[in-house]
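Engineer: Handing you this structure, nothing more for now.
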Amino acid sequence: MLSAITRTRTVSHLRYANTFILSIMASSSTPFHKYSKLAVGTETRGKTTENRLRRVDNFVMMYCYDLILSTEHLYVDLGYGRKPVTTLESARRFRQYNRQLRVLGIEIDNKRVREAQKFVDDITDFRQGGFNLPLQTNPTTGQRESVNLIRAFNVLRQYDLESDCHDSHILMCNYLNINGILIEGTSDPLGRVWVANVIRKQSDQSMLIEALVFSTNFRDEFDIVTFQQNLPKNFIHRMTGKSEMIYNFFEDWKTSYEQVGKPMNSMFGAGIRQQFITTAKYLADEHGYDVITAKKYLKNGFLVWKLTPGSKGVDLDQITYRILSSKK
Numbered sequence: 003m004l005s006a007i008t009r010t011r012t013v014s015h016l017r018y019a020n021t022f023i024l025s026i027m028a029s030s031s032t033p034f035h036k037y038s039k040l041a042v043g044t045e046t047r048g049k050t051t052e053n054r055l056r057r058v059d060n061f062v063m064m065y066c067y068d069l070i071l072s073t074e075h076l077y078v079d080l081g082y083g084r085k086p087v088t089t090l091e092s093a094r095r096f097r098q099y100n101r102q103l104r105v106l107g108i109e110i111d112n113k114r115v116r117e118a119q120k121f122v123d124d125i126t127d128f129r130q131g132g133f134n135l136p137l138q139t140n141p142t143t144g145q146r147e148s149v150n151l152i153r154a155f156n157v158l159r160q161y162d163l164e165s166d167c168h169d170s171h172i173l174m175c176n177y178l179n180i181n182g183i184l185i186e187g188t189s190d191p192l193g194r195v196w197v198a199n200v201i202r203k204q205s206d207q208s209m210l211i212e213a214l215v216f217s218t219n220f221r222d223e224f225d226i227v228t229f230q231q232n233l234p235k236n237f238i239h240r241m242t243g244k245s246e247m248i249y250n251f252f253e254d255w256k257t258s259y260e261q262v263g264k265p266m267n268s269m270f271g272a273g274i275r276q277q278f279i280t281t282a283k284y285l286a287d288e289h290g291y292d293v294i295t296a297k298k299y300l301k302n303g304f305l306v307w308k309l310t311p312g313s314k315g316v317d318l319d320q321i322t323y324r325i326l327s328s329k330k
């Protein structure tokens, strides 16, 4: 359990860092991270298990494969927990496609970082840090490390306020290259069900939550409520009524299941996978949501809601971060 004092300090650090980044951007084009000395964040419980985030890696290889092909830019696993198992698993999977991919695991607990040092090599590193990433500059070339992809799972749900999540997204995305992605979300203890934001750095330095991903491995019964329980912090507190985009999406998803998914099971004995696929397609075709209906996603248990501005159900204010602009 986190103490009230620890939570208060973390909230204060987030607000301080966000205020600082704004003041710097207003006065110069120097990125915030060059000035950052304090690791922003709070220690997590860190109860990571083997293969808990395997499906997140699988999704990355389907959705943004190009981001792991560079030998120059980092893949960052932020908040890997008590043991660096998720970081090392990602490195092994991604390096099947890019043997020289540089991987960085980040933890705010220095003890966890010290214990992970035995796994360090020329292209794998572990450092103490927080949402303000501890990137380094090559002393020979003067070139600073750059990041194409950040994964931050089961990190932000412990914070009390949605604003804390918002500030953390901003801090992390500040380190991304243009077109880079932060995938941030929450999973159940075994990784069977998870939901994640896909946040992309735009060419104007702003950020857009371009998709919300709902993942299941079909091991349990198809219950839409389990996705609701694993919503990321920026959406879970918005399940309050018809004025909220996420509430309306779930209502229409549940309706779609009652109309086509459930009857398929009772009348034709359709399995969980087929119910999931049919319900997702109905949600797109009949309710008008911009859901990716490609077979490769749905058959593998990924419902991807593209949060395209102007499309059905999307609240632009909830998916756009406008404050990042280093060209003032």
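Remember, the working numbering sits 2 above the position in the sequence shown when you count from 1.
Note that CB positions come from ideal geometry on N, CA and C, so glycine has one too.
#1: For Q138, which of helix, strand or coil comes out of DSSP?
#2: Using a Cβ-Cβ cut-off of 7 Å (strictly less than) and excluding sequence neighbours within five positions of A272, which residues of its own chain qualify?
#3: With three or more C-beta pairs closer than 8 Å as the rule, is the region 51-67 touching the region 86-106?
#4: How many angstroms separate the CA atom of K244 from the CA atom of N250?
#5: Closer than 8 Å is the cut-off here; do at least three beta carbon pairs connect the region 174-182 with the region 105-114?
#6: So, do the region 134-150 and the region 76-87 have three or more beta carbon pairs nearer to each other than 8 Å?
#7: Does the separation of the CB atoms of H239 and S258 fall below 9 Å?
#8: Does DSSP put R159 in a helix, in a strand, or in coil?
#9: Less than 8 Å between the CB atoms is what I'm expecting for E117 and Y82, so what's the real figure, rounded?
#10: Please state whether DSSP places S189 in a helix, a strand or coil.
#11: Name, in chain order, the residues that DSSP records as bridge partners for A93.
#12: Tell me which residues share the same chain as D222 and place their Cβ nearer than 6 Å to its Cβ, disregarding the 5 neighbours each side in the sequence.
#13: Look up D127 in the DSSP assignment and give the residues it is bridged to.
#14: Assess contact between the region 194-212 and the region 123-138, defined as three or more Cβ pairs (one per stretch) separated by less than 8 Å. Is contact present?
#15: Assign V78 to one of three DSSP states: helix, strand, or coil.
#16: Taking Cβ to Cβ, would you say F304 is nearer than 9 Å to S217?
#17: Alpha carbons only, please: which of E260, E246, T281 is nearest the one belonging to D317?
#18: Should S30 be labelled buried (16 or more other beta-carbon atoms within 10 Å of its own) or exposed?
#19: Between C66, K85, K298, which lies nearest to F96 when the distance is taken from Cα to Cα?
#20: Residues in the same chain with beta-carbon distance under 6 Å from S313, minus the five sequence neighbours each way, listed in chain order, please.
#21: What are the boundary residues of the alpha helix (DSSP H) that includes L55?
#22: Quick check on N232: buried or exposed, where buried means 16 or more other Cβ atoms within 10 Å of its Cβ?
#23: Taking just the CA atoms, how far does F237 sit from R146?
#24: I need the boundaries of the beta strand (DSSP E) containing E212, first residue and last residue.
#25: Is L163 closer than 9 Å to T188 when the C-beta atoms are compared?
#26: Can you tell me which of the three DSSP states G263 falls into?
#27: So, helix, strand or coil for N150, using DSSP?
#28: For V195, which residues from the same chain have a beta carbon less than 6 Å from its beta carbon, with the 5 sequence-adjacent residues on both sides left out?
#29: For the beta strand (DSSP E) holding K203, just list the boundary residues, first then last.
#30: Go ahead and label A296 buried or exposed: buried means 16 or more other beta carbons lie within 10 angstroms of its beta carbon, across all protein chains shown.
#31: Per DSSP, what are the beta-bridge partners of R307 in this structure?
#32: Grouping DSSP H, G and I as helix and E and B as strand, with all else coil, what is Y177?
#33: Taking all protein chains shown into account, decide if G263 is buried (16 or more other Cβ within 10 angstroms of its Cβ) or exposed.
Structural biologist: Per the coordinate set shown:
#1: For Q138, the secondary structure class from DSSP, reduced to helix, strand or coil, is coil.
#2: M266
#3: Touching, yes.
#4: 6 Å
#5: no
#6: yes
#7: no
#8: helix
#9: About 11 Å separates the two Cβ atoms, so there is no contact after all.
#10: Three-state result, S189: strand.
#11: According to DSSP, A93 bridges with nothing at all.
#12: none
#13: L106
#14: no
#15: strand
#16: yes
#17: Nearest C-alpha to D317 among E260, E246, T281: E246.
#18: Because S30 carries a pLDDT of 31, less than 50, the predicted location of this residue cannot be relied on, and the following value inherits that uncertainty. Counting Cβ neighbours within 10 Å, S30 comes out exposed, since fewer than 16 surround it.
#19: Selected option, being the one with the closest Cα: C66.
#20: D292
#21: Looking at the DSSP string, L55 is not in any alpha helix (DSSP H), and its letter there is neither H nor E.
#22: buried
#23: 34 Å
#24: Its beta strand (DSSP E) spans residues 209-218.
#25: no
#26: helix
#27: strand
#28: T218, T228, N232
#29: 195-203
#30: exposed
#31: Note that residue 307 is Trp in the sequence shown, not Arg. DSSP output for W307 lists L214, V293 as bridge partner(s).
#32: coil
#33: Around the C-beta of G263, 16 or more other C-beta atoms lie within 10 Å, and the residue is accordingly described as buried.
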